[in-house]
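Beneath this line is the structure, given in structure tokens, with notes to follow.
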Amino acid sequence: MNIHEYQGKDILKSYGVRIQEGIVVDTPALAVEAARELSAKTGTQWHVIKAQIHAGGRGKGGGVKIAKNLDEVRLKSEQILGMQLITHQTGPEGKKVNKVLIAEDVYYPGPSEPKEYYISILLDRGRACNVIMASTEGGMDIEEVAEHTPEKIIKEWIDPRVGLQAFQARKIAFALGLSGDAFKEMVKFINSLYKAYVETDSSMFEINPVLKTSDNKILAVDAKVNLDDNALYRHADFIPLRDVTEEDPLEVEASKNDLNYVKLDGNVGCMVNGAGLAMATMDIIKLSGGEPANFLDVGGGANAKTVEAGFRIILKDPNVKAILINIFGGIVRCDRVATGVVEAYKAIGDIPVPIIVRLQGTNAAEGAKIIDESGLKVFSAVLLKDAATKVEEVLAAM
Amino acid sequence: MSVLVNKNSKIIVQGFTGSEGSFHAQQMIEYGTNVVGGVTPGKGGSTHLDRPVFNTVAEAVEKAGADTSIIFVPPAFAADAIMEAADAGIKVIICITEGIPTKDMIYAKEYIQNRDCRLIGPNCPGVMTAGECKVGIMPGFIFTKGKIGIVSKSGTLTYEAVDQLTKAGLGQTTAIGIGGDPIIGTTTKEAVELLMNDPETEGIVMIGEIGGGMEAEAAEWIKADGNRKPVVGFIAGQTAPKGRRMGHAGAIIGGADDTAAAKMAIMEACGIYVVHSPADIGATMLKALGL
């Protein structure tokens with residue numbers, strides 16, 4: 001589960017990680033109030049207005065602005081709140097900004113130059129343990145750093161038996177070129193950050209940038225926090241952090257029906273049992289000359305109800321010109337799925353697009369018979385190859 | 001011969017009396033699998049499906065001689081079940097459970113590391129040796145005893161491959177569902193290696209997904225090992241967008257290396273017969289074997 005910057009920072013702070021302080025608001029008037037409050041609390045002169053959306057690259061898209069006085073706080077909050085923010089991660093339609101974080105200015109002048117770093121924590125799948133990655137190239141896109149200057153990325157793998165050791169935090173801080181107070185602060189920062197990562201069952205932390213201020217404090221200016229969905233059952237307090245306005249409405253509806261659905265941009269919808277076969281079905285659609293409109297795994301319990309819910313969700317996508325249903329019945333019986341398709345079809349009324357149903361496995365022949373005898377505008381197939389050919393024919397006839 | 005499980009395997013079911021465990025244990029028994037009992041803490045001493053129920057895995061090993069375990073316990077308790085099986089001396093631990101927290105699996109994998117056992121899964125359809133033994137949730141009737149081994153991250157895509165191999169007249173030796181989670185007990189390469197060393201297996205189908213580097217590792221090993229047997233490979237998710245999780249917890253493209261295209265290119269360079277459509281698995285294997 002992805003959460004917002006302000007939510008991630010709250011979690012980090014509760015584990016003793018120093019953060020750039022801020023207050024989240026949803027109107028320009030509250031933004032001004034928040035700025036006043038923040039100045040009183042932290043002494044900050046300037047404020048940073050930061051759009052809260054689940055995507056990176058906000059600054060470049062115009063979603064992060066500096067305000068030098070309260071008038072500017074109001075003006076810039078007005079500009080950002082409600083805007084459709086487009087970044088390299090949002091897609092061309094962008095994301096609507098509903099909230100802004102009014103944050104303190106941490107780049108104030110002082111005895112030394114402020115400097116930005118990069119720190120992330122994630123799972124190393126190959127080694128089956130967590131890894132801390134750090135770099136002196138803070139504020140940059142880390143994938144670009146990895147591609148052009150991989151030597152600038154420091155990695156420390158954490159032995160699950162003993163967790164992060166003090167020497168590892170020191171190694172990272174030294175490798176980042178720190179000394180004195182900033183070094184000590186960084187060691188503390190890394191220790192608190194790792195503790196937060198493990199105890200919250202997170203699947204990714206990306207703090208970019210981590211800032212060394214001009215007076216040698218180390219703090220998180222941004223926080224990208226991703227929580228492990230499978231572990232949410234033991235973190236009831238995180239469940240309200242989900243922001244459904246950040247998700248595609250069709251995906252939200254699908255999750256309410258226990259369907260695993262991901263919206264894509266193509267013209268052929270699909271409904272499949274099993275995640276691997278669902279991905280493979282998308283690939284077949286592409287090879288047949290179409291583009292997949294979605295990923296949809298109806299799981300092991302495909303029945304009339306799930307099939308109907310699946311149909312309704314797929315049909316809400318106006319780009320869908322045909323639907324391919326691909327079921328390999330193991331435990332699921334194909335005749336039941338076929339009955340489900342026919343019932344769903346009747347319940348919905350007229351489905352305006354051609355449907356190709358491929359049923360294979362347990363009771364496949366009975367299933368095909370039910371489809372063929374239903375009198376519905378449905379093409380049935382048994383072999384995957386035949387289903388692909390049917391998709392091709394349907395698309396060619398358009 | 002076969003790998004991991006055969007007609008002599010003595011299998012117990014962890015989570016035996018639950019609805020999933022009961023249903024699939026029944027199916028396994030009907031296939032002829034040697035299920036010697038099950039474990040449900042607190043229900044020891046009773047019988048279920050005409051087999052004894054034990055309180056602990058250790059007791060099942062001691063009293064029923066169990067050497068293989070299949071786990072159906074809910075995600076919150078599954079890592080514990082894996083460690084209990086390893087501690088009791090079970091040699092092959094097959095975990096079907098989907099949705100185990102990653103942190104739990106980091107600890108479980110570390111725990112079993114230096115113990116004499118092999119973990120398959122979690123989040124997998126299990127392992128099946130055609131005509132002998134089904135330790136999983138696959139539909140048994142699509143299998144025929146034959147000569148092709150299968151390694152797959154996905155359940156229904158495994159069935160697809162099995163079905164095509166049956167229809168092509170090739171049949172199967174053992175199908176290994178390694179699972180779709182980010183952390184799994186047996187990697188693609190390890191499963192392929194088992195089949196490569198199995199005298200009955202003449203060809204291997206290797207089915208992967210976007211995410212992670214296991215297929216590339218397996219491909220490089222296959223090449224270094226001298227391409228002893230033909231391998232037909234498929235990667236699901238050629239059309240998957242970057243950064244989105246596609247059903248399986250592990251199926252997510254992180255960087256440039258774990259896309260389907262990148263994996264397929266490495267596999268091709270290592271002498272694997274890569275198919276772009278999963279509909280071509282059976283026909284390609286026939287060709288690869290010169291049949």
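Chains A and B supply the protein sequences, listed in that same order. When we follow my numbering, the leftmost residue of the first sequence carries the number 1, and every step to the right adds one. When we follow my numbering, the leftmost residue of the second sequence carries the number 1, and every step to the right adds one. Backbone N, C-alpha and C fix where the C-beta goes; we use that ideal spot for every residue, glycine too.
- Message: Helix, strand or coil, according to DSSP, for asparagine 130/A in the structure here?
- Response: Here residue 130/A corresponds to residue number 130 of the first sequence, with the count starting at 1. In the structure shown, asparagine 130/A falls within a strand segment according to DSSP collapsed to helix, strand and coil.
- Message: Let's see if you can read the secondary structure: which residues bound the beta strand (DSSP E) around tyrosine 118/A?
- Response: By one-based count along the first sequence, residue 118/A stands at place 118. Counting along the chain, the beta strand (DSSP E) containing tyrosine 118/A begins and ends at 115–124.
- DSSP bridge partner residues for asparagine 267/A (one or two, in chain order): For the purposes of this step, residue 267/A is taken as the residue at position 267 of the first sequence. For asparagine 267/A, which the question treats as bridged, DSSP gives no partner whatsoever.
- Query: What does glutamine 172/B pair with, by DSSP beta-bridge criteria?
  - Reply: Locating residue 172/B in the second sequence gives position 172, where the first residue counts as 1. Residue pairing for glutamine 172/B: DSSP places it in a beta bridge opposite Ile148/B.
- Query: Does the stretch 129–146 of chain B touch the stretch 103–116 of chain B, meaning 3 or more C-beta pairs lie closer than 8 angstroms?
  - Reply: Output reads no: the stretch 129–146 of chain B does not touch the stretch 103–116 of chain B.
- Message: Between glutamate 13/B and isoleucine 70/B, how many whole angstroms is the CB-CB distance? I'm expecting something under 8 angstroms.
- Response: As a first step, residue 13/B is located in the second sequence; it is residue number 13 there, counting from the start. As a first step, residue 70/B is located in the second sequence; it is residue number 70 there, counting from the start. The sequence as given places valine at residue 13/B; glutamate does not occur at that position. For valine 13/B against isoleucine 70/B, the beta-carbon gap comes to about 5 angstroms, under 8 angstroms, which counts as contact.
- Message: Quick check on lysine 242/B: does DSSP put it in helix, strand or coil?
- Response: Working through the second sequence from its first residue, we reach residue 242/B at position 242. Lysine 242/B sits in coil when the DSSP states are folded into three classes, being neither helix nor strand.
- Range covered by the beta strand (DSSP E) that runs through tryptophan 157/A: Position 157 of the first sequence, counted from the start, is the residue given in the question as residue 157/A. Annotation for tryptophan 157/A: the continuous beta strand (DSSP E) segment containing it runs 153–157.
- Item | For asparagine 257/A, three-class secondary structure by DSSP | Residue mapping note: residue 257/A aligns to position 257 of the first sequence, counting from 1. If DSSP states are grouped into helix, strand and coil, asparagine 257/A belongs with coil.
- For valine 73/B, which of helix, strand or coil comes out of DSSP? In the second sequence, residue 73/B corresponds to position 73, counting from 1. Judged by DSSP in its simplified three-state form, valine 73/B adopts coil rather than helix or strand.
- Item | Through-space distance from alanine 40/A to alanine 31/A, alpha-carbon basis | For the purposes of this step, residue 31/A is taken as residue 31 along the first sequence, with counting starting at 1. For the purposes of this step, residue 40/A is taken as residue 40 along the first sequence, with counting starting at 1. Between alanine 31/A and alanine 40/A, the C-alpha separation is close to 14 angstroms.
- Task: Kindly give me the distance between the Cβ atoms of isoleucine 158/A and alanine 134/A, rounded to whole angstroms, as I take these residues to be in contact under 8 angstroms.
- Result: The residue labelled residue 158/A in the question sits at position 158 within the first sequence. The residue labelled residue 134/A in the question sits at position 134 within the first sequence. Actually they are not in contact, since the Cβ atoms of isoleucine 158/A and alanine 134/A sit about 13 angstroms apart, beyond 8 angstroms.
- Task: Quick one: grab the DSSP three-state call for glycine 121/B.
- Result: To locate residue 121/B, count along the second sequence from 1; it is residue 121. Of the three classes helix, strand and coil, the one that applies to glycine 121/B here is coil, per DSSP.
- Query: Is the stretch 362–374 of chain A touching the stretch 327–338 of chain A, taking contact as three or more C-beta pairs under 8 angstroms?
  - Reply: With a cut-off of 8 angstroms, the stretch 327–338 of chain A and the stretch 362–374 of chain A count as touching, because enough Cβ pairs lie within range.
- Tell me whether serine 9/B sits in a helix, a strand or coil according to DSSP, three-state version. Taking the first residue of the second sequence as position 1, residue 9/B is located at position 9. Under the three-state reduction of DSSP output, serine 9/B falls in the coil class, being neither helix nor strand.
- Item | glutamine 360/A at chain B interface by Cβ criterion, 9 angstroms | Against the first sequence, residue 360/A aligns to sequence position 360. So yes, glutamine 360/A belongs to the interface.
- aspartate 87/B, DSSP secondary structure in three states: As a position in the second sequence, residue 87/B is number 87, starting the count at 1. If DSSP states are grouped into helix, strand and coil, aspartate 87/B belongs with the helices.
- Could you say which of Asn273/A, Val100/A, Lys60/A lies nearest to alanine 302/A if we only look at CA atoms? As a working note, residue 302/A is residue 302 in the first sequence. The shortest Cα separation from alanine 302/A among Asn273/A, Val100/A, Lys60/A belongs to Asn273/A.
- Query: Are the CB atoms of threonine 73/A and isoleucine 53/A nearer to each other than 9 angstroms?
  - Reply: The residue labelled residue 73/A in the question sits at position 73 within the first sequence. The residue labelled residue 53/A in the question sits at position 53 within the first sequence. The residue you asked about is not threonine; residue 73/A is valine in the sequence shown. With a cutoff of 9 angstroms on beta-carbon distance, valine 73/A and isoleucine 53/A are scored as not near each other.
- Task: Consider the Cβ of glutamate 160/B: report whether some Cβ of chain A lies at a distance smaller than 9 angstroms.
- Result: For the purposes of this step, residue 160/B is taken as residue 160 along the second sequence, with counting starting at 1. Residue-level contact check: glutamate 160/B touches chain A, since one or more beta carbons of chain A fall below 9 angstroms from its beta carbon.
- Query: Taking Cβ positions, are leucine 241/A and glutamine 7/A nearer each other than 9 angstroms?
  - Reply: Working through the first sequence from its first residue, we reach residue 241/A at position 241. Working through the first sequence from its first residue, we reach residue 7/A at position 7. Result yes, Cβ atoms of leucine 241/A and glutamine 7/A sit closer than 9 angstroms.
- Jot down the residue ranges of each uninterrupted alpha helix (DSSP H) in the stretch 162–217 of chain B, minimum 4 residues, whole runs only, in chain order. 188–196, all fully within the stretch 162–217 of chain B.
- Listed from N- to C-terminal order along the chain, which residues in the stretch 189–210 of chain A have their beta-carbon within a distance smaller than 8 angstroms of any beta-carbon of chain B? Look at the stretch 189–210 of chain A: the residues with a C-beta under 8 angstroms from a C-beta of chain B are Val198, Asp201, Ser203.
- Message: Any beta carbon of chain A sitting closer than 9 angstroms to that of arginine 245/B?
- Response: As a working mapping, residue 245/B is identified with position 245 in the second sequence. So yes, arginine 245/B belongs to the interface.
- Task: Can you tell me the Cβ-Cβ gap for asparagine 230/A and proline 75/B, rounded? I've got them flagged as a contact below 8 angstroms.
- Result: In the first sequence, the residue the question calls residue 230/A occupies position 230. In the second sequence, the residue the question calls residue 75/B occupies position 75. 6 angstroms between Cβ atoms; contact.
- Residues bridged to tyrosine 107/A (per DSSP): Your numbering for residue 107/A matches position 107 in the first sequence. Its beta-bridge partners do not exist; DSSP assigns none.
- chain B residues whose Cβ lies nearer than 9 angstroms to that of aspartate 228/A: Taking the first sequence and counting its residues from 1, one reaches residue 228/A at position 228. Those are Pro101, Thr102, Lys103, Ala249, listed as they occur along chain B.
- Task: List the endpoints of the continuous beta strand (DSSP E) containing lysine 134/B.
- Result: For this step, residue 134/B is matched to residue 134 along the second sequence. Its beta strand (DSSP E) spans residues 133–136.
- Item | Where asparagine 400/A falls, given that 16 or more other Cβ within 10 Å makes a residue buried | This structure gives no information on residue 400/A, because the portion of chain A shown stretches from 1 to 398.
- Message: Let me check understanding here. Comparing Cα to Cα, which of Asp141/A, Glu137/A, Ala223/A, Ser112/A lies closest to alanine 182/A?
- Response: Residue mapping note: residue 182/A aligns to position 182 of the first sequence, counting from 1. Of the listed residues, the one whose Cα sits closest to alanine 182/A is Ser112/A.
- Task: State the Cα-Cα distance for the pair alanine 309/A and histidine 248/B, rounded to the nearest angstrom.
- Result: For this step, residue 309/A is matched to residue 309 along the first sequence. For this step, residue 248/B is matched to residue 248 along the second sequence. In a straight line, the C-alpha of alanine 309/A is about 21 angstroms away from that of histidine 248/B.
- Using a beta-carbon distance below 9 angstroms, is leucine 286/B in contact with chain A? For the purposes of this step, residue 286/B is taken as the residue at position 286 of the second sequence. With 9 angstroms as the cut-off, leucine 286/B does not count as an interface residue toward chain A.
- Query: If valine 232/B sits next to valine 205/B, beta carbons under 8 angstroms apart, how far is it from one beta carbon to the other, in whole angstroms?
  - Reply: Indexing the second sequence from 1 puts residue 232/B at position 232. Indexing the second sequence from 1 puts residue 205/B at position 205. At roughly 5 angstroms, the Cβ-Cβ gap stays under 8 angstroms, so valine 232/B and valine 205/B are in contact.
- Taking contact to mean at least 3 C-beta pairs separated by less than 8 angstroms, is the stretch 304–321 of chain A in contact with the stretch 335–349 of chain A? When Cβ pairs closer than 8 angstroms are counted between the two stretches, the stretch 304–321 of chain A is seen to touch the stretch 335–349 of chain A, the count reaching three or more.
- Task: Let me know the secondary structure DSSP gives arginine 74/A once reduced to three states.
- Result: Along the first sequence, one-based indexing puts residue 74/A at 74. DSSP places arginine 74/A in helix when its eight states are reduced to three.
- Task: With DSSP as the reference, label alanine 364/A as helix, strand or coil.
- Result: What you label residue 364/A is simply residue 364 of the first sequence in a count that begins at 1. Helix, per DSSP.
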